[in-house]
Amino acid sequence: MAAPATDILLQVGPEVAIPNAFVVPFYLEDSKRRIAIARVDARLYAFDDLCTCAHQACPLSGGQITGKVIMCQCHGSRFDITTGAVIDGPATRPLNVYKAQEVEGGIQIRAADGDHSLPQSLV
Ligand code: FES
525 MAAPATDILL QVGPEVAIPN AFVVPFYLED SKRRIAIARV DARLYAFDDL
575 CTCAHQACPL SGGQITGKVI MCQCHGSRFD ITTGAVIDGP ATRPLNVYKA
625 QEVEGGIQIR AADGDHSLPQ SLV
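Take 525 as the starting number for the sequence shown in the working numbering and just add one per residue.
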């Protein structure tokens, strides 16, 4: 029997539907973090929901998504949701990104390799 996966951060059921070009926020009680899940061209992307801008930490799920780029509603920082990279500031720090996949009609989010901000029990 396979060992249980320890890197699953979030598992939501099939009742959570994310339409194409939409972003939905989720709060992880365990790790006290917010993760946004976006669907673009039928594929899911997961990343930190809070902007890394030094001025504030606005939720990116309230921003505007255009293709694979999300723009923060507060000061206009733009991030590549596939890598977390900053495209335009004022933010300078990239977002953490996560592995997102549909499993049995639901959505599963896993820690990405090299995410050192997570407790080691989740990586
Ligand atoms: S809080 Fe997002 S750009 Fe400043």
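For glycine and all other residues, C-beta sits at the position ideal for the given N, C-alpha and C.
All values derive from a computational prediction rather than experimental measurement.
When every heavy atom of ligand 1 is checked, does at least one fall within less than 7 Å of the C-beta of residue i?
i           : result
residue 615 : yes
residue 608 : no
residue 580 : yes
residue 601 : yes
Quickly, what does DSSP pair residue i with across the bridge? List them, please.
i           : result
residue 561 : 548 and 570
residue 612 : 602
residue 532 : 634
residue 594 : 589 and 603
residue 626 : 631
residue 540 : Paired residues: none, contrary to the question.
Would you say residue i reaches chain B, if we count a Cβ-Cβ gap shorter than 8 Å as a contact?
i           : result
residue 550 : The chain inventory of the structure shown lacks chain B, comprising one protein chain alone.
For ligand 3, is there any heavy atom lying closer than 7 Å to the beta carbon of residue i?
i           : result
residue 635 : With respect to ligand 3, the structure shown offers nothing to examine, as its ligands consist of ligand 1.
Comparing alpha-carbon positions, which option in the options lies nearest residue i?
i           : options               : result
residue 552 : 605, 573 and 610      : 573
residue 591 : 635, 627, 625 and 566 : 566
residue 608 : 594, 598, 625 and 550 : 594
If contacts are defined as beta-carbon pairs under 8 Å, then residue i and residue j qualify, I think. What distance do you get, rounded to the angstrom?
i           : j           : result
residue 578 : residue 614 : 7 Å
Segment contact, 8 Å Cβ cut-off, at least three pairs: the stretch 550-564 with the stretch 574-594: yes
Inter-stretch contact (C-beta, 8 Å, three-pair minimum) for the stretch 625-637 and the stretch 530-541: yes
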